[in-house]
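Residue numbers (the numbering used here): 288 to 485.
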């Protein structure tokens with residue numbers, strides 16, 4: 288199964304310059320004013336387009352933000368896959384993917400709104416659960432598990448769910464401990480690897 292899911296995507300190639308300006312403007316507005324105070328008019332003005340132009344591409348504000356999150360998620364996934372491909376085992380790749388996510392998500396353009404604003408969790412949860420979000424996750428986990436061809440679809444989805452939930456928890460919830468990268472690797476080795484069977 289692993290050889291079928293590790294396929295390259297072209298998510299960011301699907302957007303023209305106007306759409307990209309709208310996506311950038313939406314995230315900038317949310318960062319500046321918060322989700323509730325951001326309107327489609329604000330997004331259109333910041334992007335230098337009219338409100339009807341925004342509606343030509345997106346049905347509402349949440350769809351603009353969700354799409355921006357997916358676009359950034361795809362770019363992050365490409366870099367993560369390139370990074371973890373240097374590690375030899377699935378266990379090491381998973382640990383390094385988690386460390387990469389924890390270190391990168393809070394400073395990633397667009398994705399940092401997940402960890403630094405009041406954006407409702409359902410927006411980024413929907414982004415992770417829809418077809419494009421699943422493709423992004425399958426691209427990452429296809430690299431992590433490419434040497435584990437016997438993992439079935441149910442096990443794969445559980446490994447993804449546990450890993451993503453833990454990564455989001457580590458980046459959004461402040462714990463009592465601050466861990467160095469090495470301490471984080473040791474923690475993940477003790478707790479995550481047994482949970483996913485690696």
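Backbone N, C-alpha and C fix where the C-beta goes; we use that ideal spot for every residue, glycine too.
Predicted, not measured: the structure shown is a model, and the values here were computed from it.
The three-state reading of DSSP puts residue 348 in helix, counting H, G and I together. Secondary structure at residue 373: coil, using DSSP grouped into helix, strand and coil. Remark: three or more beta-carbon pairs, one from each stretch, lie closer than 8 angstroms, so the segment 369 to 388 and the segment 452 to 465 are flagged as touching. A contact is defined here as three or more CB-CB pairs under 8 angstroms, and the segment 326 to 340 meets this definition with respect to the segment 300 to 311. Residue 436 counts as exposed, since fewer than 16 other beta carbons sit within 10 angstroms of its beta carbon.
For the pair of segments examined, the segment 461 to 481 was found not to touch the segment 427 to 435: the number of CB pairs separated by less than 8 angstroms stays below three. In summary, residue 449 is exposed, with fewer than 16 beta-carbon neighbours lying within 10 Å of its beta-carbon over all protein chains present.
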